[in-house]
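**Q** Quick note: the sequence shown uses UniProt numbering, first residue 1, plus one each step.
Backbone N, C-alpha and C fix where the C-beta goes; we use that ideal spot for every residue, glycine too.
In this text the structure is predicted, and so the values were computed from the model without any measurement.
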Amino acid sequence: MHVYKFPFDVQRCNITFKSIMHADNEIKLVYNKNNESMTNLTRSMMWNQYEWMFEDLTSTNKSSIMYPHQTAVVYTITMRRRSDLYIANFICPVLFFLVLDLASFLIPDAGGEKLSFKVTVLLAVTVLQLILNDILPSSSNKVPLIAIYCIGIFTLMLLSLLETIVMMYLIEKDSAAHHNETDEEQNLSVNCGDKWCKANFHSCVRGKKSSDCASVCDESADETQSVTEERSNNKLTDVPLGLEQVSDELREIGKTISLLIGNRKEEKSGYWAKMVKKINKAFFIFYVTTVTVFLSVLVSLWTS
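1) Please confirm whether ASN141 has its beta-carbon closer than 8 Å to some beta-carbon of chain D.
2) Are the segment 40 to 48 and the segment 106 to 119 touching, with three or more C-beta to C-beta distances below 8 Å?
3) Return the CA-CA distance between GLU55 and ARG12, expressed in angstroms with no decimal places.
4) Assuming the contact rule is C-beta atoms closer than 8 Å, ALA273 and ILE135 should be a hit. Round their C-beta distance to whole Å, please.
5) According to DSSP, which residues form a beta bridge with TRP52?
6) Starting from PHE17, trace the beta strand (DSSP E) in both directions and tell me its first and last residue.
7) Using the rule of at least 16 other Cβ atoms within 10 Å of the residue's Cβ for burial, across every protein chain shown, is residue 305 buried or exposed?
8) May I ask which residues mark the beginning and end of the alpha helix (DSSP H) holding GLN129?
9) Should LEU123 and VAL94 be called a contact, given that it needs their Cβ atoms to be closer than 8 Å?
10) According to the Cβ coordinates, are THR71 and ASN35 closer than 8 Å?
11) Three or more C-beta pairs closer than 8 Å, one from the segment 97 to 108 and one from the segment 151 to 164: is that the case here?
12) For TYR287 and SER160, which I take to be in contact (beta-carbon distance under 8 Å), what is that distance rounded to the nearest angstrom?
13) Could you have a look at LYS62 and say whether DSSP puts it in helix, strand or coil?
14) Taking only the alpha-carbon atoms, compute the straight-line gap between THR164 and LEU115 and give it to the nearest angstrom.
15) Indicate whether VAL73 and LEU29 have their beta-carbon atoms separated by less than 8 Å.
Given below as structure tokens:
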């Protein structure tokens with residue numbers, strides 16, 4: 001039995017009649033050469049056809065190779081399988097699951113709903129594969145097209161699931177980088193509450209007074225301002241003017257570098273989110289194109 005095009009397969013059975021002992025001059029086999037009349041007569045006599053549908057009946061005669069004086073009559077019966085039940089119970093459900101997998105691209109990647117949905121659809125296709133193992137005849141020289149159909153759709157869904165896992169990893173990586181930047185900013189704000197405190201701390205370091213440095217961020221605003229004025233007077237008398245200018249220039253350079261690093265971190269924090277959108281768009285186009293080509297080739301092979 002050839003089930004390559006199952007469940008759209010057509011089977012042909014040959015029935016041969018001949019005499020083993022008698023030659024053509026002793027017994028002559030006569031057959032009806034009108035194939036159409038034989039087909040109509042056979043169809044009218046068949047009450048129940050069940051899974052198979054009778055197509056036609058043809059008859060021919062041929063001579064035996066081993067016994068050239070003996071003629072054989074060959075009747076060929078053509079039957080077509082009824083495919084409606086298999087389409088409704090197997091092919092359409094698998095196709096519906098594929099449509100659901102395509103619709104899952106509308107679910108955001110941020111949560112775990114998309115991943116769990118794809119896993120559920122993949123498990124449903126796996127159950128249908130077990131059903132296919134029960135309904136598919138095992139006698140076949142080639143892999144049936146319906147098995148290729150099921151394996152192909154399963155592979156596409158598996159690729160879609162892997163793509164979702166990778167996208168969730170990239171989103172998690174982006175959010176982790178954003179949390180790290182937030183923690184760094186909070187640590188900086190805790191160590192030195194505002195810009196005024198930072199400026200006093202730098203002034204304290206230049207004045208080389210460790211006792212003042214320890215109390216800069218803990219004293220009240222008025223007390224810190226008085227300490228700053230006293231330290232400024234000491235600096236005017238102790239620190240040379242050239243060193244003060246160099247210190248101011250270094251402070252400006254430090255601010256510039258901090259701004260550049262901050263901008264770079266802001267760009268880096270949203271980098272993977274942008275990449276996820278681009279990858280999702282490219283993969284969706286690839287997915288739809290592959291599904292269209294795959295189904296078109298299968299339909300052409302089934303109907304040929």
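**A** Working from what's here:
1) Protein chain content of the structure displayed is limited to a single chain, and chain D is not contained in it.
2) With a cut-off of 8 Å, the segment 106 to 119 and the segment 40 to 48 do not count as touching, because too few Cβ pairs lie within range.
3) A direct Cα-to-Cα measurement between GLU55 and ARG12 gives close to 10 Å.
4) Here ALA273 is actually not in contact with ILE135; their C-beta atoms are around 46 Å apart, not less than 8 Å.
5) Paired residue(s): ARG81.
6) If you look at PHE17, you'll find it in the beta strand (DSSP E) that goes 10 to 17.
7) Nothing about residue 305 can be reported from this structure: the residues present for the chain run from 1 to 304 only.
8) Element bounds for GLN129: 113 to 135.
9) Against a cut-off of 8 Å, the Cβ pair of VAL94 and LEU123 comes out as no contact.
10) Not a contact, by the Cβ cut-off of 8 Å.
11) Here the segment 97 to 108 lies against the segment 151 to 164, with 3 or more beta-carbon pairs under 8 Å apart.
12) Cβ atoms of TYR287 and SER160 come within 8 Å of each other, at about 6 Å.
13) DSSP places LYS62 within a strand segment (E or B) once states are collapsed to three.
14) Each residue's Cα considered, the two are about 7 Å apart.
15) Taking 8 Å as the Cβ cut-off, VAL73 and LEU29 qualify as a contacting pair.
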